[in-house]
Every structure is written in C-alpha cells, then in structure tokens.
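Anchor point for the sequence shown: position 57 equals 39 in our numbering, and the numbering is continuous, going up by one each time.
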Amino acid sequence: MEDTATTTVRPSAVRQRILGAARRRFYRDGIRTVSADRLIADAEVSKMTFYRHFRSKDDLVVAYLNEVVAEERAALAEAHRTHPDDPAEVLRAYARRVGALTCAEGFRGCAFLNAAAEYADPTHPVRTVVATHRAWLRGELARVLTDLGVAPERADEAAAQLQMLRDGAMVAGTLDADPVRVAQRLVDAGESVVRDALRG
C-alpha cells in the first residue's frame, strides 16, 4: 500500500489515525479478533509506518486503553470543576456519564472489562492498565465519599460497591432493551449506597 502520510502529515497525526482505527475495531469487534493487517488497512498506512509508531499490537492495545483512561479521568475532573463544593453532585455526574455511555449508539460494554476478559494473564501489560485504572477510580470515589462525610474506614468499601454498580450497569447496558432505565437504576442504587455509608 502506498503511504504518503509520513511525508504530508505529522507523525503524531499518523499515530492518532492508527489509534483511531484500532479503537473502533477493538471496541466493536474485540481485540483478539482484529489483526494488525486489518488495522494497517483501516488506517491506510504501510506496515513499516504502523510498526514505527507501535512496536506490537499489544503496544497499540495499551495505547487504546490509556486513551480511554484519559477520557474517564477528564470526565471526573470536569465533574469536580463543575461542582467544586458538592461531592454528592460529583458522584451523580459520574453516574450520569456512565448511564449516558450505556445509552450511546454502538455501546458494547466497558472497554476495560472487555479487555480484561480477553487477556487472562494478570501480569500482562493490558491487565496492568486495567488494574491501575480501576484502583485509581476506586480511590477517587473513596475520596469523594470522604468529602461527602462518609467515615474514612467506610469510604473504601462504599467506593468498591459503587464501582461494582458501575460494572453491572456497563454489562446491563449491553443486554437490557431499555438502557435509559439502566442509567436511572445506576443513579438510584448509587444514592442508596451513599445513604447507607453515611449512616455508618
């Protein structure tokens, strides 16, 4: 395939084109089923260009997941900026975002859970990205709960429960005929967890 992108487009733009093609394919079709050759064709780059930007398909998977990580962190940061003095609303905003994802066209579940299901080895770099992000999210939720008034010794367990609800909503969103109800159930169940944690 003729690849003129390396001479007419900045390398960073080429990298993003490859990453964009991978993100669409990995999320829609599954990671293991998509070959490097398929991604090279989708991105319209040469094999040499592909491997110049990503040494292996696994490197590309890690980059894809890190892009999703960045979006999740940015969304939570935006919730904090929008509601700087209202931790309860920060939690609601996060729950609404998860709910909105489940309602989006083409929703295929949680990118992290999907990736973890395809990589059985817990020491694999893909699983490391997933585990690191999940630990970060749980810690962030615990901090928001503490700001809300939940005792520190209860905040981590309540955060784990909220994370479990989030995971369940992601799964339900792929199966339920009414994702809007899934989103509302997530908000309602999350508020119940917070009330219980505050009662201590």
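Each residue gets a CB set at the ideal place from its N, CA and C atoms; glycine is no exception.
Contact under 7 Å by Cβ, residue i with residue j
i    : j    : result
C92  : M152 : yes
R79  : A57  : yes
L144 : L123 : yes
R20  : E100 : no
A61  : A70  : no
A179 : A142 : no
A4   : Y46  : yes
Distance between beta carbons of residue j and residue i, contact taken as under 8 Å
i     : j    : result
A25   : R6   : Wrong, their Cβ atoms sit about 10 Å apart, outside the cutoff.
G172  : L73  : 6 Å
R90   : T156 : 6 Å
V(-4) : V44  : The Cβ separation is near 18 Å, so there is no contact.
Limits of the unbroken alpha helix (DSSP H) element including residue i
i    : result
R37  : First-last for R37: undefined, no H or E at that position.
R20  : 18 to 25
Y76  : 69 to 85
T156 : 134 to 157
S210 : With the chain covering -17 to 182 only, the question about residue 210 has no answer from this structure.
T105 : Counting along the chain, T105 falls outside any alpha helix (DSSP H), and DSSP gives it neither H nor E.
E94  : Note on identity: in this sequence residue 94 is Phe, with Glu being the wrong assignment. Unbroken alpha helix (DSSP H) run through F94: 93 to 100.
Residue from the options whose Cα sits closest to the Cα of residue i
i    : options               : result
P107 : D19, H65, N48, A75    : N48
L1   : K39, R116, D11, D170  : K39
R136 : L95, A77, R181, A3    : R181
T110 : V51, R90, T15, F36    : V51
Y9   : M30, P104, L42, R(-3) : L42
G131 : E53, V(-4), D67       : D67
Q166 : L119, A23, A77, D11   : A77
R116 : A102, D11, A98        : A98
Cutoff 7 Å: residue i Cβ touching any chain B Cβ
i   : result
V50 : You won't find chain B in this structure, because it holds only one protein chain.
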